[in-house]
Amino acid sequence: MHSDKPFQAALELDCEQSMTPVVTSFVENAATCYGLDPADALDLTLSSEEIFTYLCSQCDHGEKVRIGCRYGAYFVELEFQFKADDFDLAAFNLTATHSLSCGEPNGETGLLIASRLVDRFSFSRKGGVSTLLMVKEKSYPHAQKEEAPQPKVMGDIVIRRPEPEELKLFIRQVRRYYDPCVTPLSFETPGKIVDMEAFGTYSIAIATDKSGTTGGGIIWTWESDKLVEFFGPYVLDQPRDFNIPQKLIEHMIGSIARTSAVGLITRSASPELRTEYFQPMGNLIFMDLEQTSCERSCYYRHLQEDTGTSVWAHPLVKSFLEAEYKRSFFAREIHPVTDEGEKSHLKSVIAADIVRETATAVLRPVWWGQDDSNLIETYVSTLLNERLFNIFFEMDLGRSWELHFTPGLLERGFQPRIVLPYAGTSDILILQYSGRVEV
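Numbering (our numbering), first residue to last: -5 to 433.
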């Protein structure tokens, strides 16, 4: 999400059903102007219509709704700001279903339709104002299979930013040489990588010579204002004595020197990474579609002194966090999260990012409620039935309410595996489902 970026277009209007054509016209024109093809623009438009229609049934008379649209090169982001205490986000759960067999669709069905028409969403509430963010990504063609190039020994190596066509060629070659587990999902669509690099989501450097031969590359992105995540380094059929991996790592570090970055991390280290310069942070177990498992190691490297921060912890994971912080020499003040009978919501909401090529699903909390354990169980069952064997849950330790998911996660077979320092508002705790996977 890029919610800190300004709107390119914004609309404020009364929350009245008669204003629906104004909303749909605004969203469709903005989405088309920002590069979505007609089909994707229509999806976002229909989603906005369902959201606005539902809000009209929930908001008080005379309430205003603010709608903003942002351009993101490879996506369009739509934001609704409104006051409605009874907004039923549970329809946005991947597992949500509503029957249409009994008469007309209801409001919750409209939200269910809206949630399926976008790629990602988030929700927050502050000072009585609710904010719903929805993202629709551009459609890109998948990469063509790249023919194996004839091996060619490079001349003097230069590390530099690639041109767009060089970048697409590099991505296709990486896909040929490397397992999908050590490359981002977006490598499936080289055109998207070009737009992500141009927008600043990704930074990329390649190792090349004067003849234009590309021998390797590395990609990195800002996970937060203090943490940079990288993929690679990747080497394309070149001798080890060229030391391409280390040159790529040094170039990346040099590019983020004197910034706010405290550390570097990779959750999918390539075989060429020189791990003696990095600190192991733990392992994640991946299972392919044939249910063959392998271990992927996570590595971290300090870029400047860690002055410490505070985190929230449920008592059930406090000992794990204390052990990890002690092992990694991270200065952390741990505050307990407790349940002392205060009022809580009835329904939980969980967002899911799915990567079918690697049989992976990453779950993230959107809203916590009393049904969290049952919802988690339903998610696990649904994902396993879809042959998504690698199920992760990412919890931001800087947001105390997210820790309330802990008992339900542990009950349903999740185990804490890795702590990512400064990856969110504070650290991110990754839990992995380790229960039965028979489907």
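The beta carbon of each residue, even a glycine, is placed where N, CA and C say it ideally should be.
Answer with buried or exposed for residue 288, where buried requires no fewer than 16 other C-beta atoms within 10 angstroms of its C-beta. Numbered from 1 along the sequence shown, position 294 holds the residue referred to as residue 288. That one is exposed.
So residue 46 and residue 86 are in contact, right, with Cβ under 8 Å, and what is the actual spacing, rounded? Working through the sequence shown from its first residue, we reach residue 46 at position 52. Working through the sequence shown from its first residue, we reach residue 86 at position 92. 16 Å between Cβ atoms; not a contact.
Less than 8 Å between the beta carbons of residue 210 and residue 228, yes or no? Numbered from its first residue, the sequence shown carries residue 210 at position 216. Numbered from its first residue, the sequence shown carries residue 228 at position 234. A contact, by the Cβ cut-off of 8 Å.
If you check the beta carbons only, do residue 353 and residue 381 fall under 8 Å apart? On the sequence shown, position 359 is the one that residue 353 refers to. On the sequence shown, position 387 is the one that residue 381 refers to. Yes. Within cutoff.
Where does residue 65 sit, in a helix, a strand or coil, going by DSSP? In the sequence shown, counting from the first residue as 1, residue 65 sits at position 71. In this structure, residue 65 counts as strand in the three-state DSSP scheme.
Beta-carbon proximity check, residue 137 vs residue 177, cutoff 8 Å: Indexing the sequence shown from 1 puts residue 137 at position 143. Indexing the sequence shown from 1 puts residue 177 at position 183. It is not a contact, given that the beta carbons lie outside the stated cut-off.
Would the segment 255 to 268 count as touching the segment 293 to 302 if we require 3 or more Cβ pairs under 8 Å? yes
Per-residue DSSP class, three states only, for residue 119: One-based indexing of the sequence shown puts residue 119 at position 125. Note: residue 119 maps to strand in three-state DSSP.
Over the uninterrupted alpha helix (DSSP H) stretch that includes residue 205, give me the two end residues. For this step, residue 205 is matched to residue 211 along the sequence shown. Element bounds for residue 205: n/a, residue is neither H nor E.
Taking residue 207 as the reference, which of 224, 283, 164, 219 has the closest Cα? Against the sequence shown, residue 207 aligns to sequence position 213. Nearest of 224, 283, 164, 219 to residue 207, Cα basis: 164.
So if DSSP puts residue 436 in a beta bridge, which residue, or which two residues, is it bridged to? Only positions -5 to 433 of the chain appear in this structure, which leaves residue 436 out of reach.
Endpoints, the alpha helix (DSSP H) within which residue 367 is located: For the purposes of this step, residue 367 is taken as the residue at position 373 of the sequence shown. Segment 366 to 379, the alpha helix (DSSP H) holding residue 367.
Short check: CB of residue 58 to CB of residue 5, under 8 Å? For the purposes of this step, residue 58 is identified with residue 64 of the sequence shown, where counting begins at 1. For the purposes of this step, residue 5 is identified with residue 11 of the sequence shown, where counting begins at 1. Result no, Cβ atoms of residue 58 and residue 5 do not sit closer than 8 Å.
Tell me which same chain residues have a C-beta within less than 6 Å of the C-beta of residue 346, skipping the five on either side of it? Along the sequence shown, read from residue 1 onward, the residue named residue 346 stands at position 352. So the list reads 88, 355, 357, once near-sequence residues are dropped.
Below 6 Å CB to CB, which residues in the same chain sit around residue 186 once its five sequence neighbours on both sides are set aside? Your numbering for residue 186 matches position 192 in the sequence shown. Answer for residue 186: 68, 134, 180, listed in chain order.
Using 8 Å as the cut-off, can you tell me whether the segment 364 to 379 makes contact with the segment 268 to 279, which would need three or more C-beta pairs spanning the two stretches below that distance? no
Find the nearest neighbour of residue 388 within the set 410, 367, 402, 43, judged by alpha-carbon distance. Counted from its first residue, the sequence shown places residue 388 at position 394. Answer by Cα proximity: 410.
Taking the Cβ atom as the reference point for each residue, do residue 201 and residue 238 lie within a distance shorter than 8 Å? Locating residue 201 in the sequence shown gives position 207, counting from the first residue. Locating residue 238 in the sequence shown gives position 244, counting from the first residue. Yes, the pair counts as a contact, with Cβ atoms nearer than the cut-off.
Is the number of C-beta pairs between the segment 299 to 317 and the segment 261 to 271 that are closer than 8 Å three or more? no
Within 10 angstroms of its Cβ, does residue 241 collect 16 or more other Cβ (buried), or is it exposed? Reading the sequence shown from its first residue, position 247 is the one you call residue 241. Burial call: buried.
Give a yes or no on whether the C-beta atoms belonging to residue 29 and residue 193 are separated by under 8 Å. Reading the sequence shown from its first residue, position 35 is the one you call residue 29. Reading the sequence shown from its first residue, position 199 is the one you call residue 193. Taking 8 Å as the Cβ cut-off, residue 29 and residue 193 do not qualify as a contacting pair.
Through-space distance from residue 160 to residue 169, alpha-carbon basis: As a working note, residue 169 is residue 175 in the sequence shown. As a working note, residue 160 is residue 166 in the sequence shown. Their Cα atoms are separated by approximately 14 Å.
In angstroms, rounded to a whole number, what distance separates the CA positions of residue 436 and residue 304? Because residue 436 is not part of the residues shown, which for the chain are -5 to 433, the question remains open.
Going by beta carbon distance, what residues of the same chain come within less than 6 Å of residue 56, once the five residues before and after it are set aside? The residue labelled residue 56 in the question sits at position 62 within the sequence shown. Nothing listed; no residue qualifies.
Can you list, in chain order, the stretches of the alpha helix (DSSP H) that have 4 or more residues and sit fully within the segment 281 to 350? 309 to 322
Report the rounded CA-to-CA distance for residue 204 versus residue 301, giving the unit in angstroms. Stepping through the sequence shown from its first residue, residue 204 is reached at position 210. Stepping through the sequence shown from its first residue, residue 301 is reached at position 307. Their Cα atoms are separated by approximately 44 Å.
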